[in-house]
Every structure is written in C-alpha cells, then in structure tokens.
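Contents: one structure, followed by commentary.
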Amino acid sequence: MENLLVQLRGERTQTEMAEKYGVSQQSWSCWENGARKPPLNIMLRLEKDSGIPMEKIFYKEFNNQK
C-alpha cells in the first residue's frame, strides 16, 4: 500500500508538515517511514484534515503489519 502520509504531504516539505502538527521533522519522517506512529491526537487531526480514516492512513499500524 502506498504511503498516504507522503501523498497527504504533497508538495510540502516534511518540516512544513511537522510545524503544522507541532512536532519535529524527525518525528514526521519516522511516521512516513513507518518506524513509529504518531500519537492518537495527531492521527485524529490528520484524519480530520484529510478526510481519510486514520485506520487507512496508518493501515500497517492498525493491522499489526510491518
């Protein structure tokens, strides 16, 4: 499955997205790479901002797949 976080970021940089969500660029990068998942409050904001369920954005995390 294609990384939806990268799609949602579009032409913006990881730093721009990190600033929008109040996290470090390194955190955003880890989320995109699947090394970590964001806290629930950020997942909910991403879901609200994108209109895509967080279970779809973070499919692997919700389905215990790495």
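Each position in the sequence shown, counted from 1, maps to that position plus 1387 in the working numbering.
Built from N, CA and C at the ideal position, the CB exists for glycine as well.
- Look at the segment 1415-1446 and you find these whole runs of alpha helix (DSSP H), each 4 residues long or longer: 1427-1437 and 1441-1444.
- Straight-line measurement puts the Cα of Asn1420 at about 12 Å from the Cα of Gln1401.
- The C-beta separation of Gln1394 from Ala1405 comes to about 17 Å, leaving the pair out of contact by the 8 Å criterion.
- A distance below 8 Å between beta-carbons, with the five flanking residues on each side excluded, links Glu1434 to the following residues of its chain, in chain order: Pro1440, Met1441 and Ile1444.
- Cβ atoms of Trp1418 and Leu1391 stay farther apart than 8 Å, at about 11 Å.
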